[in-house]
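Q:
2 protein chains.
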Amino acid sequence: MNLDTAAGQLPSRRIADAVRALITAGELAPGDKLPSERELARRFGTARNTAREAIRLLTEEALVTARHGRGVFVREKQRVVRWGSERYSRRTYRETGLTPFRLEMARQGMTPRVEVTSIEQVTPPFDVAERLKASPEEPSVLRRCNIYYADDEPLQVVTTYLRWADAEGTLLLQAETGPGGIYGRLEERGHTMTTGQDEITARMASQTEAQELDLPPGVPVLDVLHTSLDQDGEPFEVSRFVHRADRAGLVYNFPIEG
Amino acid sequence: MNLDTAAGQLPSRRIADAVRALITAGELAPGDKLPSERELARRFGTARNTAREAIRLLTEEALVTARHGRGVFVREKQRVVRWGSERYSRRTYRETGLTPFRLEMARQGMTPRVEVTSIEQVTPPFDVAERLKASPEEPSVLRRCNIYYADDEPLQVVTTYLRWADAEGTLLLQAETGPGGIYGRLEERGHTMTTGQDEITARMASQTEAQELDLPPGVPVLDVLHTSLDQDGEPFEVSRFVHRADRAGLVYNFPIEG
DNA sequence: TAGTGGTCTAGACCACTGG
DNA sequence: CAGTGGTCTAGACCACTAT
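Protein chains in written order, with the numbering used here: chain A, 1 to 258; chain B, 259 to 516.
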């Protein structure tokens, strides 16, 4: 391995540039182990902290990932799961008997698992209350928290909010919501999903989210705030999907208004 | 200012926790200056590097931002510009005479500016070639690179790809593309945008992008790969929008397939 | 047990900003 | 000019992983 092609000005940049060049040239392949921090420092004639700063720069670029006690490794390319408006499709369920998440997992040859982490009556956060037309000052909604796993690795954290009036005394208070899932029960209460709105942002994960998603440093999350409207144009369900951005993509198809 | 409520185990975490608590409690408001690294180190009885590590943790959480020679400041909440499928609407242009970008800027009371950084005949990258049905092995497309500014701050970097056959000998090779812009010229070549597809991911910015967008550390980008299909369902334009995620959001409305 | 990354110390010099 | 963040040195001890 040749590390002598370093450019840059600062020692830490020079080291980062050299290692990055090896990665982009393919001499260090995904999964390969980098020289240790102490070894890099020796080769470049710097203090260990300087080599460490170089590794930090590469980590921030999501090129490498450190494993305590083992070493620093070139990141593996992750399979990306693509989500879009069709994830709300009822037809999908009727035709396959699979929920959209399980269907996507089946497509990708991955094993799905859903963990229900809490089901509670709560006071909704302001943005949710606004969209759901619920009171932000009293426990007016049911909140269901889930974590979705693919091959036992967490992919997304989903928080669903329903008006308490719709949820009270139904299977929506249970982990197992019955055939057709949440939307099945909501149809029984007179809400058929007719249109949806997704509001999308990206950001770095909160501490809690980073923990729940087992997120490596330098990976942002895609935050999708979904609102379901029924046949009367009334909002009846709001969900927040927080995806690992390195394993999730979103796809929307739409007609162009003339 | 009271910094004694620190919890945590590690000194760097304790400092970060204390400062974060002040920010979330509102005692340090957006725009406020934090104590200097040396001052934090003195108060907590640590080395300066340890206080610096605490600041790094907060920077990674996008809570604070450092300005060389001035200090570390609590991040200002940024106004968020929301984009969605309506940004491609021709009706918008007919009714207001404004392109979608200028219209959104007018709504927000901001001053728009568009910089054309290059217009070249190039060999398209693989993902673009695939979507545009163009050859990835010869200079089969025109590439137009733009940077969009709001109040002279860069908001998004946009790269548009058109088939060379559609662009050759037209105003599309010029910076000023004439009335109705790019889509106006493409209509004259027989392509009316009928449906669109947006493929969305989030990631940390490349070095070039971070520079072009003047992006503070810890802010990811929203990457939108847009494909325009004409009246025959043929793709005729592909654009990549790279947005600062702290100042951009996306909104999609869609009917639910029964 | 040896080697790795994670954190810390106590200095140092530089580049940038403001008065 | 003094004060700030940006970078670096040359050590140290700890926690984790593999053998």
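Glycine is no exception: its CB is placed at the ideal position from the N, C-alpha and C atoms.
(1) Give me the chain B residues within the contact set of residue 203 of chain A, using Cβ-Cβ distance strictly less than 9 Å, ordered along the chain.
(2) Please report whether the beta-carbon of residue 259 of chain B lies at a distance below 9 Å from any beta-carbon of chain A.
(3) For residue 5 of chain A, count the other beta carbons within 10 Å of its own beta carbon; 16 or more makes it buried, fewer makes it exposed. Which is it?
(4) Applying a beta-carbon distance threshold of less than 9 Å, which residues of chain B neighbour residue 251 of chain A?
(5) By a C-beta neighbour count over all protein chains shown, 10 Å radius and 16 as the cutoff for buried, is residue 96 of chain A buried or exposed?
(6) Consider the Cβ of residue 194 of chain A: report whether some Cβ of chain B lies at a distance smaller than 9 Å.
(7) Hey, is residue 340 of chain B's beta-carbon within less than 9 Å of any beta-carbon in chain A?
(8) On the DSSP letters alone, give me the boundaries of the beta strand (DSSP E) that residue 149 of chain A sits inside.
(9) For a quick check, are the C-beta atoms of residue 222 of chain A and residue 208 of chain A less than 9 Å apart?
(10) At a Cβ threshold of 9 Å, is residue 514 of chain B touching chain A?
(11) DSSP puts residue 229 of chain A in a beta bridge; with which residues?
(12) Quick check on residue 160 of chain A: buried or exposed, where buried means 16 or more other Cβ atoms within 10 Å of its Cβ?
(13) Leaving out five residues on either side along the sequence, give the residues of the same chain with a beta carbon under 7 Å from the beta carbon of residue 157 of chain A.
(14) Check each candidate in B/454, B/314 and B/302 and name the one with the smallest Cα separation from residue 389 of chain B.
(15) Considering only DSSP beta bridges, list what residue 256 of chain A is partnered with.
(16) Any C-beta of chain B sitting closer than 9 Å to the C-beta of residue 6 of chain A?
(17) Any beta carbon of chain A sitting closer than 9 Å to that of residue 310 of chain B?
(18) Output yes if chain A places a C-beta closer than 9 Å to the C-beta of residue 336 of chain B; else output no.
(19) Kindly indicate which three-state DSSP category residue 470 of chain B falls into: helix, strand or coil?
(20) In whole angstroms, give me the CA-to-CA distance for residue 198 of chain A and residue 410 of chain B.
(21) So the candidates are B/358, B/326, B/270 and B/288; which of them puts its Cα closest to the Cα of residue 344 of chain B?
(22) Does DSSP put residue 412 of chain B in a helix, in a strand, or in coil?
(23) List the residues of chain A whose Cβ lies closer than 7 Å to the Cβ of residue 346 of chain B, in chain order.
(24) At the 9 Å Cβ level, is residue 207 of chain A part of the contact set with chain B, yes or no?
(25) Taking the alpha helix (DSSP H) that residue 270 of chain B belongs to, which residues open and close that run?
(26) Flag this pair as yes or no: are the beta carbons of residue 400 of chain B and residue 432 of chain B separated by less than 9 Å?
(27) Who does residue 294 of chain B pair with in a DSSP beta bridge?
(28) With a threshold of 6 Å on Cβ separation, who are the neighbours of residue 317 of chain B within its own chain once the five nearest residues in sequence on each side are excluded?
(29) For chain A, check one thing: does any of its Cβ atoms lie closer than 9 Å to the Cβ of residue 343 of chain B?
(30) Measuring CB to CB, does residue 72 of chain A end up less than 9 Å from residue 33 of chain A?
(31) Taking the alpha helix (DSSP H) that residue 123 of chain A belongs to, which residues open and close that run?
(32) Is the Cβ-Cβ distance between residue 38 of chain A and residue 18 of chain A less than 9 Å?
(33) Leaving out the 5 sequence neighbours to the left and right, which residues in its chain are closer than 6 Å to residue 231 of chain A when beta-carbon positions are compared?
(34) Would you say residue 57 of chain A and residue 23 of chain A are within 9 Å of each other, going by their C-beta atoms?
(35) Counting contacts by CB-CB distance shorter than 9 Å, is residue 486 of chain B in contact with chain A?
A: Answer, in terms of the structure:
(1) For the purposes of this step, residue 203 of chain A is taken as residue 203 along the first sequence, with counting starting at 1. 320, 460, 477, 478, 503 and 504, listed in chain order.
(2) For this step, residue 259 of chain B is matched to residue 1 along the second sequence. For residue 259 of chain B, the predicted model reports a pLDDT of 49, less than 50, meaning its position is unreliable; a value from the coordinates is still stated below. Not closer than 9 Å to any Cβ of chain A, the Cβ of residue 259 of chain B fails to qualify, so no.
(3) Sequence index remark: in the first sequence, residue 5 of chain A carries index 5 (1-based). In this prediction, residue 5 of chain A has a pLDDT of 47, which is less than 50 and means its spatial position is unreliable; what the coordinates show is noted afterwards. Residue 5 of chain A is classed as exposed because its beta carbon has fewer than 16 other beta carbons within 10 Å across all chains shown.
(4) Sequence index remark: in the first sequence, residue 251 of chain A carries index 251 (1-based). In chain order, 455, 456, 457 and 458 make up the part of chain B whose C-beta sits under 9 Å from the C-beta of residue 251 of chain A.
(5) The residue you call residue 96 of chain A lines up with position 96 of the first sequence. Exposed, since its Cβ has fewer than 16 Cβ neighbours within 10 Å.
(6) For the purposes of this step, residue 194 of chain A is identified with residue 194 of the first sequence, where counting begins at 1. Output row for residue 194 of chain A: interface = yes.
(7) Position 82 of the second sequence, counted from the start, is the residue given in the question as residue 340 of chain B. Taking 9 Å as the threshold, the shortest C-beta distance from residue 340 of chain B to chain A falls below it.
(8) Within the first sequence, numbered from 1, the residue matching residue 149 of chain A stands at position 149. Segment 141-150, the beta strand (DSSP E) holding residue 149 of chain A.
(9) For the purposes of this step, residue 222 of chain A is taken as residue 222 along the first sequence, with counting starting at 1. For the purposes of this step, residue 208 of chain A is taken as residue 208 along the first sequence, with counting starting at 1. Contact flag unset, no.
(10) What you label residue 514 of chain B is simply residue 256 of the second sequence in a count that begins at 1. Yes, residue 514 of chain B lies at the interface with chain A (some Cβ there is under 9 Å from its Cβ).
(11) As a position in the first sequence, residue 229 of chain A is number 229, starting the count at 1. Residue pairing by DSSP places residue 229 of chain A opposite A/195 and A/235 in a beta bridge.
(12) Taking the first sequence and counting its residues from 1, one reaches residue 160 of chain A at position 160. That one is buried.
(13) Counting from one through the first sequence, the residue named residue 157 of chain A turns up at place 157. Excluding residues within five positions, the ones whose Cβ falls inside 7 Å are 147, 209, 212, 213 and 242.
(14) On the second sequence, position 131 is the one that residue 389 of chain B refers to. The residue from B/454, B/314 and B/302 with its alpha-carbon nearest to that of residue 389 of chain B is B/454.
(15) Taking the first sequence and counting its residues from 1, the one referred to as residue 256 of chain A is at position 256. Bridge partners of residue 256 of chain A: none, in fact.
(16) Taking the first residue of the first sequence as position 1, residue 6 of chain A is located at position 6. Residue placement at residue 6 of chain A cannot be trusted, given a pLDDT of 49 that sits under 50; what the coordinates show is reported in the next sentence. Cβ-Cβ to chain B under 9 Å: no for residue 6 of chain A.
(17) As a working mapping, residue 310 of chain B is identified with position 52 in the second sequence. No, no contact with chain A.
(18) Looking up residue 336 of chain B in the second sequence gives position 78. Not one beta carbon of chain A lies nearer than 9 Å to the beta carbon of residue 336 of chain B.
(19) Along the second sequence, one-based indexing puts residue 470 of chain B at 212. The answer is helix: DSSP assigns residue 470 of chain B an H, G or I state.
(20) Your numbering for residue 198 of chain A matches position 198 in the first sequence. Your numbering for residue 410 of chain B matches position 152 in the second sequence. Looking at the backbone, the Cα of residue 198 of chain A and that of residue 410 of chain B are separated by about 29 Å.
(21) Taking the second sequence and counting its residues from 1, the one referred to as residue 344 of chain B is at position 86. Taking residue 344 of chain B as reference, the option from B/358, B/326, B/270 and B/288 with the minimal CA-CA separation is B/358.
(22) Position 154 of the second sequence, counting from 1, holds the residue named residue 412 of chain B. If DSSP states are grouped into helix, strand and coil, residue 412 of chain B belongs with the strands.
(23) In the second sequence, counting from the first residue as 1, residue 346 of chain B sits at position 88. Those are 256, listed as they occur along chain A.
(24) Taking the first sequence and counting its residues from 1, one reaches residue 207 of chain A at position 207. Chain B, which has a Cβ nearer than 9 Å to the Cβ of residue 207 of chain A, makes this yes.
(25) In the second sequence, the residue the question calls residue 270 of chain B occupies position 12. Where residue 270 of chain B is concerned, the enclosing alpha helix (DSSP H) stretches over 269-282.
(26) Residue 400 of chain B sits at position 142 when you count from the first residue of the second sequence. Residue 432 of chain B sits at position 174 when you count from the first residue of the second sequence. For the pair residue 400 of chain B and residue 432 of chain B, the CB atoms are not nearer than the 9 Å cut-off.
(27) On the second sequence, residue 294 of chain B is found 36 positions in, with the first residue counted as 1. Partner(s): none; residue 294 of chain B has no beta bridge.
(28) As a working mapping, residue 317 of chain B is identified with position 59 in the second sequence. Around residue 317 of chain B: 475 and 476.
(29) Counting from one through the second sequence, the residue named residue 343 of chain B turns up at place 85. The beta carbon of residue 343 of chain B sits closer than 9 Å to some beta carbon of chain A.
(30) For the purposes of this step, residue 72 of chain A is taken as residue 72 along the first sequence, with counting starting at 1. For the purposes of this step, residue 33 of chain A is taken as residue 33 along the first sequence, with counting starting at 1. Yes, the pair counts as a contact, with Cβ atoms nearer than the cut-off.
(31) Numbered from its first residue, the first sequence carries residue 123 of chain A at position 123. From DSSP, residue 123 of chain A is part of no alpha helix (DSSP H); its letter is neither H nor E.
(32) Numbered from 1 along the first sequence, position 38 holds the residue referred to as residue 38 of chain A. Numbered from 1 along the first sequence, position 18 holds the residue referred to as residue 18 of chain A. Contact annotation: residue 38 of chain A and residue 18 of chain A have beta-carbon atoms that are not nearer than 9 Å.
(33) For the purposes of this step, residue 231 of chain A is taken as residue 231 along the first sequence, with counting starting at 1. Only 192 and 194 meet the Cβ criterion.
(34) Your numbering for residue 57 of chain A matches position 57 in the first sequence. Your numbering for residue 23 of chain A matches position 23 in the first sequence. No, the Cβ-Cβ distance between residue 57 of chain A and residue 23 of chain A is not below 9 Å.
(35) Mapped onto the second sequence, residue 486 of chain B falls at position 228. Output row for residue 486 of chain B: interface = yes.
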